[in-house]
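*Asks:* Take a look at this one; I'll ask things after.
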Amino acid sequence: MSSKKIDGKAIGQEIRNELKEEVASLVAQGVQPGLAVILVGENSASETYVKNKEKSSKEAGMKSILTKLPDTVSEEDLLAEVEKLNQDDTIDGILVQLPLPKHIDENKVIRAISPEKDVDGFHPMNVGKMLIGQETFLPCTPYGIMQLLERSNVDIAGKHAVIIGRSNIVGKPMGQLLLQKDATVTYCHSRTEDLKKFTQQADILIVAIGIAKFITGDYIKEDAVVIDVGMNRDENGKLCGDVDYESAEKQASAITPVPGGVGPMTITMLLKNTVESAENKLKARMQNK
Ligand SMILES: Nc1nc(=O)c2c([nH]1)NC[C@@H]1CN(c3ccc(C(=O)N[C@@H](CCC(=O)O)C(=O)O)cc3)C=[N+]21
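Quick note, the sequence shown lines up with residues 6 to 294 if you use this note's numbering.
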C-alpha cells in the first residue's frame, strides 16, 4: 500500500515553500538570511550533501556561502574561520560539517560557534536549552522527524516511542523532543540485550543504527510508525536505510523511505533554523534603535 509512505521529499518541499515567503518578507525589511557551510577535506558523499544544501538555500532566496578547507588545516585556522563568520553580520547560520579530521577537536570547534548562529543545534548551550524545553535551535534531523510525525497526524502523547541509537545528533535529542510531546520513551543501543523485545512494543520506532536493512518486519508491531534515519549503500551501491522497507512496510501503518524520507527534512530544518536566526537578528536590531 503506497499510502503508508511518509513522503519527506514532499513534506520538506511544503515547508521550504513556507520559508520562501518568510525569506521574501525578511528581504523586504533589508535582511537576507545567510548560511555559511565549512567543509574540511574531500569526501564525495558530503559534497553531494553540501551541493543539495546550496541549491535549496538559493531556491528559498537565501544567501549561501561555502568555505572549503584542506584536511590538513590546523585546528587554529579552522577556529579562526569560525570566528570570522561569528563576526560577519551577513551570516545568520554556521554549519561545520562533521566528522572532522582526527587532529581537530570537534567539541572545541562546536563550542566556538556563536550559539546565536548554531543552526545545527549542537552547541552545549543550545543542547541544554533543548533539554529543559526552552526555545532554541533544534538539531535538524530530530526536528525534521517531529515535523514528519506532526504533518502526518501521528499521535505522540501517551504513545511508546522506541529509539535505536544514542548519538548526540540524532538519538539523544530525538528522545527528548518526543518526551516533550508526552511520549513514553525507551532508548536502545548497541549494548541493548534482546533488542526485538523493545522494538516489538514500539508505537513509534526511530531507527538510527547505521547497519543496512537491519530492522526487518519481525521487529515491528502491527500498525507501528517507522522512521528510518539510516544512510547506507547496499551491495549494489544503492542508497538504503537501516530498515528493510519491503518487510517492514507490511507491518507498519506508516513508514519513511530512504532516500526521500528523513534526509530532505534535515536540510529543510537547517534552512528553517537559519531563517529563524535572521528573524532574531532583525528583532534585536529593532529593539536597539
Ligand atoms: N554539522 C553537520 N550537520 C549535519 O546535518 C550533517 C553533518 N554535519 N555531516 C553529514 C550529515 C549527513 N547529513 C545529511 C542530510 C541530508 C541528506 C539527504 O538529503 N539525503 C537524501 C539523499 C541524497 C542522495 O541521493 O544522495 C535523501 O535521503 O533523500 C543526506 C545527509 C547531514 N549531516
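We put the beta carbon where it would ideally sit given N, CA and C, even for glycine.
Can you give the beta carbon distance from Gly-235 to Ala-213, rounded, assuming they're within the 8 Å contact cut?
*Replies:* For the purposes of this step, residue 235 is taken as the residue at position 230 of the sequence shown. For the purposes of this step, residue 213 is taken as the residue at position 208 of the sequence shown. That pair is a contact at about 7 Å.
*Asks:* Taking the beta carbon of Gly-138 as the centre, do at least 16 other beta carbons fall within 10 Å, making it buried, or is it exposed?
*Replies:* On the sequence shown, residue 138 is found 133 positions in, with the first residue counted as 1. With fewer than 16 Cβ atoms within 10 Å of its Cβ, Gly-138 is classed as exposed.
*Asks:* If Val-267 and Thr-261 are in contact, beta carbons under 8 Å, what's the gap, nearest whole angstrom?
*Replies:* Locating residue 267 in the sequence shown gives position 262, where the first residue counts as 1. Locating residue 261 in the sequence shown gives position 256, where the first residue counts as 1. The Cβ separation is near 6 Å, so the contact holds.
*Asks:* For the beta strand (DSSP E) containing Gly-39, list its first residue and its last residue.
*Replies:* Residue mapping note: residue 39 aligns to position 34 of the sequence shown, counting from 1. Run containing Gly-39: 39-45, per the beta strand (DSSP E) assignment.
*Asks:* DSSP state of Leu-210, grouped into three classes?
*Replies:* Within the sequence shown, residue 210 is the residue found at index 205, counting from 1. In the structure shown, Leu-210 sits in a strand (DSSP, three-state: E or B).
*Asks:* Give a yes or no on whether the C-beta atoms belonging to Leu-71 and Val-55 are separated by under 8 Å.
*Replies:* Numbered from 1 along the sequence shown, position 66 holds the residue referred to as residue 71. Numbered from 1 along the sequence shown, position 50 holds the residue referred to as residue 55. The answer is yes: Cβ separation under 8 Å.
*Asks:* I'd like the ranges of any beta strand (DSSP E) spanning at least 3 consecutive residues and lying wholly in the region 65-139.
*Replies:* The region 65-139 contains these whole beta strand (DSSP E) runs: 68-74 and 98-101.
*Asks:* What separation, rounded to the nearest whole angstrom, lies between the Cα atoms of Asn-237 and Phe-219?
*Replies:* By 1-based counting over the sequence shown, the position of residue 237 is 232. By 1-based counting over the sequence shown, the position of residue 219 is 214. About 11 Å.
*Asks:* Closest to Ile-11 by C-alpha separation, out of Ser-157, Gln-102, Ile-118 and Ile-109, would be which residue?
*Replies:* Here residue 11 is taken as the residue at index 6 of the sequence shown, counted from 1. Ranking the options by Cα distance to Ile-11, first place goes to Ser-157.
*Asks:* Less than 8 Å separating the beta-carbons of Leu-74 and Leu-83?
*Replies:* Position 69 of the sequence shown, counting from 1, holds the residue named residue 74. Position 78 of the sequence shown, counting from 1, holds the residue named residue 83. Yes, they are a contact pair.
*Asks:* Can you tell which of Phe-203, Val-159, Ser-62 and Ile-216 has the C-alpha that lies nearest to the C-alpha of Asp-187?
*Replies:* Walking along the sequence shown from the start, residue 187 turns up at place 182. Comparing Cα positions, the closest option is Val-159.
*Asks:* Taking the beta carbon of Leu-61 as the centre, do at least 16 other beta carbons fall within 10 Å, making it buried, or is it exposed?
*Replies:* Locating residue 61 in the sequence shown gives position 56, where the first residue counts as 1. The question names Leu, but residue 61 is Ser in the sequence shown. Per the 10 Å Cβ criterion, buried.
*Asks:* Cβ of Met-236 versus every heavy atom of ligand 1: is any distance shorter than 7 Å?
*Replies:* Locating residue 236 in the sequence shown gives position 231, counting from the first residue. Result yes, Cβ under 7 Å from ligand 1.
*Asks:* Apply the 10 Å Cβ neighbour rule to Pro-129 and answer buried if 16 or more other Cβ atoms are within range, or exposed otherwise.
*Replies:* Here residue 129 is taken as the residue at index 124 of the sequence shown, counted from 1. Classification of Pro-129: exposed, given that the 10 Å Cβ count is below 16.
*Asks:* In the DSSP output, which residue or residues are listed as bridge partners for Lys-10?
*Replies:* Your numbering for residue 10 matches position 5 in the sequence shown. Paired residues: Ile-260.
*Asks:* May I ask you to check if the CB of Gln-102 is nearer than 7 Å to at least one heavy atom of ligand 1?
*Replies:* Indexing the sequence shown from 1 puts residue 102 at position 97. It does: the Cβ of Gln-102 is within 7 Å (strictly closer) of some heavy atom of ligand 1.
*Asks:* To which residues of the same chain is Ser-7 closer than 8 Å at the C-beta, ignoring the five residues directly before and after it?
*Replies:* In the sequence shown, the residue the question calls residue 7 occupies position 2. Its pLDDT being 44, under 50, Ser-7 is placed unreliably in this model, and the value from its coordinates should be taken loosely. Excluding sequence neighbours, Ser-7 sits near nothing in its chain.
*Asks:* Between the beta-carbon of Ala-217 and the beta-carbon of Cys-245, is there less than 8 Å?
*Replies:* One-based indexing of the sequence shown puts residue 217 at position 212. One-based indexing of the sequence shown puts residue 245 at position 240. Closer than 8 Å, so yes.
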